[in-house]
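Structure first, then comments.
Residue numbers (my numbering): 42 to 138.
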């Protein structure tokens with residue numbers, strides 16, 4: 042599902058205009074990004090948690106030149122779905138089969 046399809050689905054389900062839904066989604070994404078950039082997490086009970094994970098520095102290999110490359114420590118966004126959400130998806134998938 043693409044963003045425009047998500048906007049249409051939410052608009053159909055809630056009766057809000059597509060423009061209003063787009064503004065809400067854009068605000069949500071912006072707020073989550075801002076919180077993660079500031080080192081905070083965003084918890085949505087029953088859905089999951091957005092956090093930042095730190096990848097340790099490591100040495101990789103440039104396969105074209107066969108030389109080592111140093112990769113510094115990095116912060117990456119991470120989403121962990123809640124147990125309830127995982128169970129609902131699993132239950133729905135087991136009913137489809």
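Ideal placement from N, C-alpha and C gives every residue a C-beta, glycine not left out.
It is roughly 14 Å from the alpha-carbon of residue 79 to the alpha-carbon of residue 95. Residue 82 and residue 73 have their alpha carbons spaced roughly 8 Å apart.
The distance from the Cβ of residue 88 to that of residue 118 is about 15 Å, inconsistent with a contact at the 8 Å cut-off. In terms of CA proximity to residue 116, 93 leads the group 109, 93, 108. Its chain contains 100, 101, 102, 103 as the residues whose beta carbon lies nearer than 8 Å to that of residue 109, once the 5 sequence neighbours on both sides are disregarded; these appear in chain order.
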